[in-house]
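Residue numbers (the working numbering): 2 to 551.
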């Protein structure tokens with residue numbers, strides 16, 4: 002999980018008698034007929050009137066304008082006529098520009114806009130105008146067995162109390178069942194083999210660069226993160242998004258960033274109350290153009306307690322109780338106090354489950370390899386699995402890896418309880434882990450522990466003062482294991498009625514893979530098909546769960 006180591010113009014005004022463009026129907030203030038040569042009139046005004054007007058006779062030729070004066074007057078009148086014709090057009094263009102800004106009109110073709118940005122798509126709660134909004138909340142480490150009426154009444158109620166509520170039997174995490182790979186899978190709809198975050202920690206063979214999840218300088222570079230998170234998709238199509246400590250980079254490799262981004266913080270001001278305040282602050286923004294249509298919020302409390310004390314410990318269940326109350330209070334603030342039941346869809350997920358470790362389930366890697374071969378390891382990636390990288394030239398690395406494989410294979414034949422051994426190319430296909438896209442990120446040789454088992458060394462065990470392996474609760478194991486399953490609970494106006502399952506059954510939706518969540522959010526926000534990024538999910542998966550038109 003993020004943030005902690007899981008191992009422990011003002012213009013001049015114009016009067017009514019002074020039209021803005023210099024002319025008005027009728028006469029000017031001086032009584033002149035408009036359209037007369039202005040320069041000629043001004044000159045006449047400045048000459049004293051003659052005492053007598055002489056009548057012309059045959060000896061006095063009639064006065065005539067010179068050809069050049071006639072041409073000048075003609076040009077002047079023509080220019081004024083053109084201005085009179087063009088000015089209304091300029092005014093119309095200016096007014097359209099003003100309305101464009103005020104009303105948020107877009108030059109984007111309607112077919113490329115999300116449906117929540119189309120005209121007449123806003124929703125009123127009685128006092129303010131809103132766009133369709135999704136609140137996606139991750140409860141790190143929460144597993145399906147926690148969601149009982151006794152342990153988590155608010156979460157259970159959220160998922161089962163209304164016809165348009167959903168509570169899945171389980172949501173399957175991707176492998177490895179770790180925080181960063183799964184939070185990125187939830188946002189991108191991709192397996193690790195496609196989105197590139199193959200573990201919480203891993204090494205690039207080509208450069209030696211290391212990715213480490215709790216270190217921003219070693220994890221925030223967008224080049225690590227493949228695929229497009231749903232908040233970036235929202236921003237790309239013109240919707241605002243907000244990220245509250247959700248694991249991932251502040252800027253994607255394509256240069257997209259959420260309009261509102263709060264990095265991970267662990268201070269007291271960011272407890273559950275602090276996170277609730279921030280979510281409501283975004284919801285309460287005055288202008289609909291400013292409010293986020295998507296909020297992705299991360300809550301680590303359950304995971305932290307379960308790692309330290311175990312998933313069934315009093316401390317873990319107390320953390321569950323507090324988080325459950327947080328969900329209940331959030332729902333009351335949105336539905337009862339702000340009347341947003343027809344505006345906001347609440348979707349609560351987790352990244353993985355949790356299981357207990359034990360000193361009875363330890364595998365000592367230094368014993369299996371021997372000290373000399375163990376010393377040739379330069380990187381161990383993918384904890385709690387062991388992705389082994391060896392020192393030396395490429396040929397030396399391969400030689401060490403082959404020796405290690407032989408030794409570990411023999412040890413497995415003798416007493417291989419608690420772990421499996423794979424070359425990178427032989428990792429189970431159902432893991433969706435190995436691919437040419439991420440080959441540089443995967444060690445050549447892998448030991449993968451079975452549920453509850455831990456791969457350690459004698460020096461590591463010596464660091465535990467009480468001699469008990471830590472963490473007491475862990476994850477990262479096979480994603481088919483029930484203890485590694487995640488949760489999915491949702492309720493809101495976008496969901497259809499369901500009669501499946503029910504309160505007595507405890508759930509009303511079959512289990513499904515977490516790579517479907519990206520498509521769920523995309524559909525609720527009304528993102529057009531041509532604007533969706535590719536995912537490993539199925540677009541039609543939500544047909545039976547969402548109302549028509551989504």
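Using N, Cα and C, we set each Cβ at its ideal position, and we do this for glycine too. Since we're looking at a predicted model, the values are computed, not measured.
Would you decide whether residue i is buried or exposed? Buried here means 16 or more other CB atoms lie within 10 Å of its CB.
i	result
residue 517	buried
residue 382	buried
residue 399	exposed
residue 267	exposed
residue 229	buried
residue 524	buried
residue 548	exposed
residue 255	exposed
residue 144	buried
residue 469	exposed
residue 418	exposed
residue 545	exposed
residue 238	buried
residue 394	exposed
residue 317	buried
residue 520	buried
residue 535	exposed
residue 90	exposed
Please say whether residue j and residue i have beta carbons closer to each other than 8 Å?
i	j	result
residue 167	residue 522	no
residue 451	residue 420	yes
residue 231	residue 351	no
residue 391	residue 378	yes
residue 240	residue 118	yes
residue 447	residue 371	no
residue 433	residue 94	no
residue 539	residue 289	no
residue 276	residue 159	no
residue 443	residue 199	yes
residue 226	residue 190	no
residue 246	residue 263	yes
residue 127	residue 340	yes
residue 336	residue 133	no
residue 494	residue 368	no
residue 233	residue 260	no
residue 509	residue 497	no
residue 250	residue 180	no
residue 300	residue 138	yes
In three-state DSSP terms, what is residue i?
i	result
residue 489	strand
residue 353	coil
residue 129	coil
residue 510	strand
residue 546	coil
residue 269	helix
residue 364	strand
residue 252	strand
residue 515	helix
residue 137	strand
residue 117	helix
residue 226	coil
residue 446	strand
residue 459	helix
residue 146	helix
residue 383	coil
residue 378	strand
residue 525	helix
residue 275	helix
residue 369	helix
residue 474	strand
residue 100	Caution is warranted here: a pLDDT of 47 is assigned to residue 100, below 50, making its placement in the model unreliable, and the coordinate value is therefore given only provisionally. Three-state DSSP puts residue 100 in a helix.
residue 389	strand
Note down, in chain order, each residue of its chain lying with its Cβ closer than 7 Å to the Cβ of residue i, except the 5 sequence neighbours on either side.
i	result
residue 404	374
residue 156	148, 325, 328, 349 and 490
residue 620	Residue 620 is absent from the model: the chain starts at 2 and stops at 551.
residue 323	273 and 302
residue 235	242, 294, 295 and 526
residue 363	455, 457 and 470
Please go through the same chain and pick out, in chain order, the residues whose beta-carbon is closer than 8 Å to the beta-carbon of residue i, but skip the five residues on each side of it.
i	result
residue 356	312, 452, 453, 474, 475, 476, 478, 482, 484 and 485
Any heavy atom of the ligand MN closer than 7 Å to the Cβ of residue i?
i	result
residue 405	This structure lacks the ligand MN; in fact it carries no ligand of any kind.
To which residues of the same chain is residue i closer than 6 Å at the C-beta, ignoring the five residues directly before and after it?
i	result
residue 567	Because the chain spans 2 through 551 in this model, residue 567 falls outside it and cannot be assessed.
residue 292	286
residue 428	434 and 435
residue 214	181, 201 and 220
Within the segment 391-442, note down every full alpha helix (DSSP H) run reaching 4 residues or more, in order along the chain. The qualifying runs are 395-416.
Every unbroken beta strand (DSSP E) inside the segment 168-221 [3 residues or more]: Whole beta strand (DSSP E) segments, 3+ residues: 202-204 and 211-213.
Can you check the segment 277-361 for any beta strand (DSSP E) of at least 3 residues that lies completely inside it and give the ranges in chain order? Every beta strand (DSSP E) of 3 residues or more that sits fully in the segment 277-361 is shown, in chain order, as 295-300 and 345-350.
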